[in-house]
Amino acid sequence: MALLEVRDGVKDFEGLRAVNHVSFSVEEGKITSLIGPNGAGKTTIFNLISGLLPLDSGEILYRGRKLNGMPPHRIPTLGIGRMLQDPRVFRHLTVLENILVAVPGQRGENPLHAIFAPRGSHRDGPAVERAQEILRFIELEKRAEVLAHDLSFGEQRLLSFGRVLATGAELLLLDEPTVGLDGSMVNRLSDLFQKTVAQGGKTILLIEHNMEVVMGISDYLVVLVEGGVILEGPPEAVRNHPELLKAYLGTAHAAERRWS
Amino acid sequence: MAYLLHLLTLIVIYSVLGASLNLMVGYAGLLSLAHAVFYGIGAYTSALLVTKLGVNPFLGLGAAVTVAALVAALAAALFLRFRDDYFILATMGLQIITHGIFHNWVSLTNGPFGIYGIPRPTLAGLPFTSNWSYFGLTLLAAVVILWALHRLVESPFGRTLRAIRDDEVPALILGKNVGLYKVLASAAAGGMAALIGGLYAHYIRYIGPDSFALGESIFIFTIVIIGGSGNWWGSILGAAILILLPEGLRFVGLPSAVAGPVQQMIFGLLLMGLMLYRPQGFVGRYRFE
Chain B
1 MALLEVRDGV KDFEGLRAVN HVSFSVEEGK ITSLIGPNGA GKTTIFNLIS
51 GLLPLDSGEI LYRGRKLNGM PPHRIPTLGI GRMLQDPRVF RHLTVLENIL
101 VAVPGQRGEN PLHAIFAPRG SHRDGPAVER AQEILRFIEL EKRAEVLAHD
151 LSFGEQRLLS FGRVLATGAE LLLLDEPTVG LDGSMVNRLS DLFQKTVAQG
201 GKTILLIEHN MEVVMGISDY LVVLVEGGVI LEGPPEAVRN HPELLKAYLG
251 TAHAAERRWS
Chain Y
1 MAYLLHLLTL IVIYSVLGAS LNLMVGYAGL LSLAHAVFYG IGAYTSALLV
51 TKLGVNPFLG LGAAVTVAAL VAALAAALFL RFRDDYFILA TMGLQIITHG
101 IFHNWVSLTN GPFGIYGIPR PTLAGLPFTS NWSYFGLTLL AAVVILWALH
151 RLVESPFGRT LRAIRDDEVP ALILGKNVGL YKVLASAAAG GMAALIGGLY
201 AHYIRYIGPD SFALGESIFI FTIVIIGGSG NWWGSILGAA ILILLPEGLR
251 FVGLPSAVAG PVQQMIFGLL LMGLMLYRPQ GFVGRYRFE
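Chains as they are written, first to last, in UniProt numbering: chain B, 1 to 260; chain Y, 1 to 289.
Printed below as a string of structure tokens:
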């Protein structure tokens with residue numbers, strides 16, 4: 001059974017069909033990538049999965065369980081984590097605190113416990129250990145006490161990824177995680193993604209424009225154009241498929257026509 | 001001496017009001033102009049229970065906290081859909097409506113005449129009738145409240161509040177029930193304001209609707225801005241400045257017709273100066289953006 005399944009999903013924005021009867025599934029322990037030109041509906045699909053937007057019709061299943069209508073803060077508790085397109089780190093919190101916020105199930109999050117429990121009991125022992133483990137994994141442990149807004153853009157991306165890992169999510173939705181980064185940071189992140197899947201047993205659903213990254217790390221590709229799936233398959237099957245070329249070049253021609 | 005003690009008591013009371021509002025403004029990012037609502041609900045609840053039903057004032061204070069925390073939670077839940085400026089406007093509306101209720105529900109609140117003869121409390125035969133002992137009681141309550149606030153914000157609860165203040169969407173996506181956090185922070189702040197409101201009623205022994213009007217909420221908000229958000233010492237400093245400054249003006253020898261407007265002008269200049277040159281307040285952690 002697929003870990004995540006989108007069945008016949010539809011989403012309209014004031015007359016514009018952003019997601020047009022989309023169906024695809026994500027296999028556990030694999031990296032699946034959503035690709036397609038800008039405006040194809042990729043981020044909208046992420047918003048539908050993470051509950052920020054309601055589906056107009058169709059359904060989304062996670063481990064066979066329907067997600068429709070679930071409030072966004074409940075989705076992560078099922079095991080679906082998301083990394084936003086902008087890093088959006090908590091700027092006035094330290095790097096360590098950014099990770100700590102994401103660790104679920106801390107008793108000190110209950111305000112009564114926070115006030116009345118004996119001192120130290122909510123000093124997050126296990127949570128801190130978990131957070132430091134993640135900081136070592138993303139190689140930011142030396143920056144633990146730095147305020148997040150003092151990090152470089154690339155480091156903020158790493159932190160944003162670490163934050164998703166800290167939620168303990170099984171399925172990670174990553175929205176253009178390498179856009180705007182230099183080559184070495186791109187490599188660092190894509191290595192981390194592969195390690196997360198190979199060693200951590202996680203599943204990744206990736207939106208990515210960098211074709212080198214996509215073809216390099218994906219197990220399966222889903223190609224979207226204008227809200228619909230036009231093609232899917234393993235990278236070697238999709239790479240030189242005429243439909244893929246048409247999707248990118250075709251829209252480029254359309255754009256040119258519009259400008260001339 | 002009695003005069004100084006009175007000022008000290010007021011500083012303690014306003015420090016708590018500032019600090020509890022700071023939990024909303026500085027930690028949860030909720031800019032509220034309705035703090036006098038909960039201060040007033042606390043004062044009225046305790047005063048009415050004690051004068052009309054003869055309840056022990058300490059039980060009256062407990063009821064005050066409960067009622068105000070519930071109203072604060074309900075208001076926060078209703079206002080969740082409003083953001084930034086709209087949230088401020090909504091709280092201002094709540095403030096004006098509540099003042100209207102204090103002012104016009106004559107059968108309950110005695111309307112504009114207010115409530116007289118509110119007794120000082122007694123505990124286990126120990127009367128808090130002298131101003132010194134009452135100051136001690138107020139100070140004790142303030143220390144307990146500030147300690148609770150300190151523990152709250154140092155805990156994972158407080159850390160998540162600060163995260164929400166920085167950026168709500170990632171907090172939501174990380175599985176934080178952002179709405180619930182805001183409601184809980186508002187309830188805690190409202191309950192704390194109500195406790196000190198009840199203590200104020202039993203201290204001053206007369207309350208009327210105008211002590212809990214919009215101007216009072218703005219005054220408390222100013223304490224937070226002047227002292228700085230996200231810092232308790234800031235609230236104490238802000239309260240001390242705003243209480244002592246006008247009192248100091250009395251000794252300058254200005255005629256009373258001039259003293260009032262001069263006071264307002266100094267407040268205005270102080271606020272403008274801070275906004276221009278030190279937007280995070282005297283000891284604040286965050287700038288108001």
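Where a beta carbon is used, it is the ideal one built from N, C-alpha and C, also for glycine. These figures come from a predicted structure and were not determined experimentally.
Can you have a look at residue i and say buried or exposed, based on whether 16 or more other CB atoms are within 10 angstroms of its CB?
i             : result
residue 272/Y : exposed
residue 136/B : exposed
residue 245/B : exposed
residue 106/Y : exposed
residue 149/B : exposed
residue 200/Y : buried
residue 130/Y : exposed
residue 7/Y   : exposed
residue 112/Y : exposed
residue 152/B : exposed
residue 260/B : Bear in mind that a pLDDT of 41 at residue 260/B, under 50, signals an unreliable position, so the model cannot answer this.
residue 175/Y : buried
residue 129/B : exposed
Does the beta carbon of residue i sit closer than 8 Å to a beta carbon anywhere in chain Y?
i             : result
residue 19/B  : no
residue 4/B   : no
residue 176/B : no
residue 50/B  : yes
residue 101/B : yes
residue 7/B   : no
residue 109/B : yes
residue 73/B  : yes
residue 88/B  : yes
residue 155/B : no
residue 132/B : no
residue 92/B  : yes
residue 84/B  : yes
Determine, for residue i, whether the minimum Cβ-Cβ distance to residues of chain B falls below 8 Å.
i             : result
residue 177/Y : yes
residue 159/Y : yes
residue 283/Y : no
residue 155/Y : yes
residue 19/Y  : no
residue 73/Y  : no
residue 169/Y : yes
residue 68/Y  : no
residue 142/Y : no
residue 166/Y : yes
residue 76/Y  : no
Smallest Cα separation from residue i: which of the options?
i             : options                       : result
residue 97/Y  : 40/Y, 247/Y, 259/Y and 277/Y  : 40/Y
residue 33/Y  : 46/Y, 186/Y and 178/Y         : 186/Y
residue 93/B  : 171/Y, 150/Y and 54/Y         : 171/Y
residue 228/B : 10/B, 71/B and 194/B          : 10/B
residue 13/B  : 193/B, 41/B and 1/B           : 41/B
residue 234/Y : 1/Y, 210/Y, 23/Y and 9/Y      : 23/Y
residue 91/Y  : 140/Y, 78/Y and 126/Y         : 78/Y
residue 161/B : 59/B, 85/B, 53/B and 242/B    : 85/B
residue 193/Y : 11/Y, 264/Y, 2/Y and 18/Y     : 18/Y
residue 199/B : 164/B, 30/B, 214/B and 212/B  : 30/B
residue 73/Y  : 121/Y, 144/Y and 179/Y        : 179/Y
residue 117/Y : 52/Y, 205/Y and 38/Y          : 205/Y
residue 155/B : 96/B, 4/B, 239/B and 220/B    : 96/B
residue 280/Y : 253/Y, 259/Y, 264/Y and 223/Y : 223/Y
residue 192/B : 106/B, 138/B and 59/B         : 138/B
Please name the residue or residues paired with residue i in a DSSP beta bridge.
i             : result
residue 127/Y : 122/Y
residue 231/B : 223/B
residue 83/B  : 174/B
residue 62/B  : 4/B and 65/B
residue 12/B  : 17/B
residue 32/B  : 205/B and 220/B
residue 22/B  : 9/B
residue 207/Y : 115/Y
residue 94/B  : 147/B
residue 57/B  : 10/B
Taking 8 Å as the cut-off, decide whether the C-beta atoms of residue i and residue j are in contact.
i             : j             : result
residue 170/B : residue 203/B : yes
residue 230/Y : residue 237/Y : no
residue 175/B : residue 43/B  : yes
residue 184/Y : residue 111/B : yes
residue 32/B  : residue 206/B : yes
residue 160/Y : residue 203/Y : no
residue 243/Y : residue 14/Y  : yes
Regarding residue i and the ligand COA, is the C-beta to nearest heavy atom distance less than 7 Å?
i             : result
residue 243/Y : Because no ligand of any kind appears in the structure shown, any question about the ligand COA cannot be addressed here.
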